[in-house]
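Participant: Sending over a structure as structure tokens; questions will come in a sec.
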Amino acid sequence: MQANGGVGDQDKYRFTRVFGPGTPQESLYEETALPMVKGLFDGQNGLIFAYGPTNSGKTFTIQGDKGEKAGILPRSLSTVFNEVDERNANSQEDWTVWVTFMEIYNENVYDLLDVPPDKTKNEPRKVCKLKEHNGQVHIKGLRELQVRNLEEAKQVLRYGARHRQVAETMMNDVSSRSHSVFNIKLVPNRGSETDPTEPSQVYSKLAIVDLAGSERALKTKATGERLKEASNINVSLMNLGRCLEALRWNQINPNRVAHVVPFRHSKLTRIFQDHFLNASKMVMIVAANPNPSDFDEARQALTYGAIAKEI
Ligand SMILES: Nc1ncnc2c1ncn2[C@@H]1O[C@H](COP(=O)(O)OP(=O)(O)OP(=O)(O)O)[C@@H](O)[C@H]1O
Ligand SMILES: [Mg+2]
Numbered sequence: 001m002q003a004n005g006g007v008g009d010q011d012k013y014r015f016t017r018v019f020g021p022g023t024p025q026e027s028l029y030e031e032t033a034l035p036m037v038k039g040l041f042d043g044q045n046g047l048i049f050a051y052g053p054t055n056s057g058k059t060f061t062i063q064g065d066k067g068e069k070a071g072i073l074p075r076s077l078s079t080v081f082n083e084v085d086e087r088n089a090n091s092q093e094d095w096t097v098w099v100t101f102m103e104i105y106n107e108n109v110y111d112l113l114d115v116p117p118d119k120t121k122n123e124p125r126k127v128c129k130l131k132e133h134n135g136q137v138h139i140k141g142l143r144e145l146q147v148r149n150l151e152e153a154k155q156v157l158r159y160g161a162r163h164r165q166v167a168e169t170m171m172n173d174v175s176s177r178s179h180s181v182f183n184i185k186l187v188p189n190r191g192s193e194t195d196p197t198e199p200s201q202v203y204s205k206l207a208i209v210d211l212a213g214s215e216r217a218l219k220t221k222a223t224g225e226r227l228k229e230a231s232n233i234n235v236s237l238m239n240l241g242r243c244l245e246a247l248r249w250n251q252i253n254p255n256r257v258a259h260v261v262p263f264r265h266s267k268l269t270r271i272f273q274d275h276f277l278n279a280s281k282m283v284m285i286v287a288a289n290p291n292p293s294d295f296d297e298a299r300q301a302l303t304y305g306a307i308a309k310e311i
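Residue numbers for the sequence shown follow full-length UniProt numbering, so the first one is 1 and each next one is one higher.
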């Protein structure tokens with residue numbers, strides 16, 4: 001990457017794939033998420049992140065728009081139901097699909113599928129507490145919804161996306177102020193005994209994460225609420241970076257005393273602790289804006305993403 005304006009700075013980064021600005025959503029999906037969605041049917045857990053500066057296209061990548069512009073999330077649901085319908089119809093298999101949709105906003109976890117509080121009564125939003133049991137982090141009160149077909153799944157997605165914290169900033173007029181996490185679980189049907197909250201029943205799961213944008217408060221001219229959001233966003237992204245670095249260090253230094261991975265220092269890393277520790281497949285999509293004025297942010301995002309690539 002070369003900075004314009006005579007800076008002459010040049011860094012090289014290594015990624016599995018690089019996609020240009022005109023890449024159709026379908027191709028991006030097929031080369032990033034599709035293998036992981038298929039892996040669900042082999043019992044392989046997965047984690048997909050969209051990471052990058054504000055206004056670089058993360059939400060567009062994950063959610064997208066109607067028709068051909070649909071992002072990774074609706075496309076993943078479509079693949080899951082094609083596969084489930086085919087398997088349930090043609091064989092002895094009987095799969096159920098469960099989803100959760102949450103956001104982490106100012107270091108609190110909120111259920112995006114919960115009925116929103118009545119603003120006229122000044123009701124606060126219900127915060128979901130994290131509980132740890134047998135090394136598994138459980139999110140108390142998070143709704144697990146069974147979706148029976150693609151249409152139901154898309155309704156759930158639309159409902160949750162509407163309740164996400166979004167605000168207009170200097171950089172992006174639909175800026176995500178929270179990290180959103182959509183979980184898809186594949187659970188064999190046990191009739192009324194089917195329980196997606198019981199880890200031993202879950203055959204596989206995939207989390208699709210649209211991170212809030214990393215940004216510099218100065219650049220977005222953030223003050224008040226926006227500034228508080230920005231610092232919380234940066235703290236959890238920084239901690240995700242620290243966890244990735246520690247995991248990487250432990251991986252390349254197997255004979256030395258392992259570095260402590262600071263999962264517990266932010267909600268984002270705590271809820272993915274079991275994915276990181278139990279060999280889930282991980283894809284990090286790094287979005288970068290080619291605009292020269294966003295050079296520093298793009299460089300920072302690429303450096304961060306390049307660490308993830310090594311793990
Ligand atoms: N590849 C693309 N094609 C067309 N429009 C795009 C593309 N990528 C992004 N956009 C548009 O650019 C704007 C910013 O993108 P988006 O909201 O996805 O950024 P973001 O990285 O999620 O930012 P934030 O961190 O602030 O949430 C949106 O209006 C989006 O629709
Ligand atoms: Mg966004």
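All C-beta atoms, glycine included, are put in the ideal place defined by N, C-alpha and C.
1. Using three-state DSSP, classify threonine 100 as helix, strand or coil.
2. Using CA coordinates, which residue listed in Ala288, Phe101, Glu198 is at the minimum distance from tyrosine 159?
3. Is the beta carbon of serine 293 within less than 8 Å of some heavy atom of ligand 2?
4. As an exercise, report each continuous beta strand (DSSP E) stretch of at least 3 residues that is fully enclosed by the segment 52 to 134, in chain order.
5. Looking at threonine 59 and ligand 2, is the gap between the Cβ and the nearest heavy atom below 8 Å?
6. Between valine 113 and methionine 284, what straight-line distance do the alpha-carbon atoms span, to the nearest angstrom?
7. What is the rounded straight-line gap between the Cα of aspartate 118 and the Cα of arginine 190?
8. Roughly how many angstroms lie between the CA atoms of glutamine 300 and methionine 36, to the nearest whole one?
9. If I measure Cβ to Cβ from valine 235 and keep anything under 8 Å in the same chain, skipping five residues before and after, which residues do I get?
10. Alpha carbons only, please: which of Arg14, Leu47, Leu28 is nearest the one belonging to leucine 268?
11. Whose C-beta lies closer than 8 Å to the C-beta of valine 156 among residues of the same chain, with five residues either side of it excluded?
12. Where glycine 305 and leucine 240 are concerned, what is the direct C-alpha to C-alpha distance, given to the nearest angstrom?
13. Check whether the Cβ atoms of valine 181 and isoleucine 271 lie closer than 9 Å to each other.
14. Using CA atoms only, rank isn't needed, just tell me which of Pro196, Asp173, Thr16, Glu123 is closest to leucine 142.
15. Starting from aspartate 182 and walking both ways along the alpha helix (DSSP H), at which residues does that stretch end?
16. Arginine 177 and arginine 226: beta carbons closer than 9 Å?
17. Any heavy atom of ligand 2 closer than 8 Å to the beta-carbon of aspartate 210?
18. Check whether the Cβ of glycine 241 lies closer than 8 Å to any heavy atom of ligand 2, and answer yes or no.
19. For methionine 282, tell me which candidate among Tyr29, Pro21, Ala33 has the shortest Cα-Cα distance.
20. Could you tell me which whole alpha helix (DSSP H) segments of length 4 or greater appear in the segment 225 to 299?
21. According to the neighbour-count rule (16 or more other Cβ atoms, all chains shown, within 10 Å of its Cβ), is serine 214 buried or exposed?
22. Return helix, strand or coil for leucine 157, following the three-state DSSP convention.
23. Give a single yes or no on whether serine 175 has its beta carbon closer than 8 Å to a heavy atom of ligand 3.
24. Quick check on aspartate 210: does DSSP put it in helix, strand or coil?
25. Around the C-beta of proline 24, are 16 or more other C-beta atoms found within 10 angstroms, so that it is buried, or is it exposed?
26. Reducing DSSP to helix, strand and coil, say where phenylalanine 15 ends up.
27. By Cβ distance below 7 Å, which residues in the same chain neighbour alanine 161 in space, the five residues on each side in sequence not counted?
28. Out of Gly20, Glu229, Lys154, state which residue places its alpha-carbon closest to the alpha-carbon of aspartate 65.
29. Given that a residue counts as buried once 16 or more other Cβ atoms are within 10 Å of its Cβ, and exposed if not, what is glycine 5?
30. Any heavy atom of ligand 1 inside 8 Å of the beta-carbon of serine 27?
Facilitator: Inspection of the coordinates gives the following:
1. Here residue 100 is taken as the residue at index 100 of the sequence shown, counted from 1. Strand.
2. Looking up residue 159 in the sequence shown gives position 159. The option with the nearest alpha carbon to tyrosine 159 is Phe101.
3. For the purposes of this step, residue 293 is taken as the residue at position 293 of the sequence shown. Incorrect: serine 293 has no Cβ contact closer than 8 Å to ligand 2.
4. 95 to 105, 108 to 111, 130 to 133
5. Start at 1 with the first residue of the sequence shown, and residue 59 comes out as number 59. Yes, Cβ of threonine 59 sits closer than 8 Å to a heavy atom of ligand 2.
6. Within the sequence shown, numbered from 1, the residue matching residue 113 stands at position 113. Within the sequence shown, numbered from 1, the residue matching residue 284 stands at position 284. Here the sequence assigns leucine to residue 113, which means valine is not the residue at that position. For leucine 113 and methionine 284, the distance between alpha carbons rounds to 25 Å.
7. One-based indexing of the sequence shown puts residue 118 at position 118. One-based indexing of the sequence shown puts residue 190 at position 190. In a straight line, the C-alpha of aspartate 118 is about 37 Å away from that of arginine 190.
8. On the sequence shown, residue 300 is found 300 positions in, with the first residue counted as 1. On the sequence shown, residue 36 is found 36 positions in, with the first residue counted as 1. About 27 Å.
9. The sequence position of residue 235 within the sequence shown is 235, counting from 1. Around valine 235: Glu107, Ser266.
10. To locate residue 268, count along the sequence shown from 1; it is residue 268. Nearest C-alpha to leucine 268: Leu47.
11. Position 156 of the sequence shown, counted from the first residue, corresponds to residue 156. Counting only Cβ-Cβ distances below 8 Å, and skipping sequence neighbours, we find Val99, Phe101, Leu113, Leu145, Val147.
12. Numbered from its first residue, the sequence shown carries residue 305 at position 305. Numbered from its first residue, the sequence shown carries residue 240 at position 240. Computed Cα separation, rounded: 11 Å.
13. Within the sequence shown, the letter at position 181 stands for residue 181. Within the sequence shown, the letter at position 271 stands for residue 271. Their beta carbons are under 9 Å apart, which means valine 181 touches isoleucine 271 by this criterion.
14. Locating residue 142 in the sequence shown gives position 142, where the first residue counts as 1. Distance from the Cα of leucine 142 is smallest, within the candidate group Pro196, Asp173, Thr16, Glu123, for Pro196.
15. For the purposes of this step, residue 182 is identified with residue 182 of the sequence shown, where counting begins at 1. Here the sequence assigns phenylalanine to residue 182, which means aspartate is not the residue at that position. Segment 179 to 188 is the beta strand (DSSP E) holding phenylalanine 182; no alpha helix (DSSP H) there.
16. Here residue 177 is taken as the residue at index 177 of the sequence shown, counted from 1. Here residue 226 is taken as the residue at index 226 of the sequence shown, counted from 1. Closer than 9 Å, so yes.
17. Against the sequence shown, residue 210 aligns to sequence position 210. Yes, the beta carbon of aspartate 210 sits closer than 8 Å to at least one heavy atom of ligand 2.
18. In the sequence shown, counting from the first residue as 1, residue 241 sits at position 241. Glycine 241: no, Cβ never under 8 Å from ligand 2.
19. Indexing the sequence shown from 1 puts residue 282 at position 282. It is Ala33.
20. Counting whole runs of 4 or more residues, the segment 225 to 299 contains the alpha helix (DSSP H) stretches 267 to 271, 273 to 277.
21. Position 214 of the sequence shown, counting from 1, holds the residue named residue 214. Burial call: buried.
22. Counting from 1 along the sequence shown, the entry for residue 157 is found at position 157. In the structure shown, leucine 157 falls within a helical segment according to DSSP collapsed to helix, strand and coil.
23. As presented, the structure is devoid of ligand 3, carrying ligand 1 and ligand 2 as its sole ligands.
24. As a working note, residue 210 is residue 210 in the sequence shown. In the structure shown, aspartate 210 sits in a strand (DSSP, three-state: E or B).
25. As a working mapping, residue 24 is identified with position 24 in the sequence shown. It is exposed - the Cβ of proline 24 has fewer than 16 other Cβ atoms within 10 Å.
26. Looking up residue 15 in the sequence shown gives position 15. In this structure, phenylalanine 15 counts as coil in the three-state DSSP scheme.
27. Here residue 161 refers to the residue found at position 161 when the sequence shown is read from its first residue. Shown here for alanine 161: same chain residues with a beta carbon closer than 7 Å to its own, the five before and five after excluded, namely Gln63 in chain order.
28. Start at 1 with the first residue of the sequence shown, and residue 65 comes out as number 65. The residue with the shortest Cα to Cα distance from aspartate 65 is Lys154.
29. For this step, residue 5 is matched to residue 5 along the sequence shown. Bear in mind that the predicted position of glycine 5 carries a pLDDT of just 39, short of 50, making it too unreliable to give a figure here.
30. One-based indexing of the sequence shown puts residue 27 at position 27. No, since every heavy atom of ligand 1 falls outside the 8 Å radius drawn around the Cβ of serine 27.
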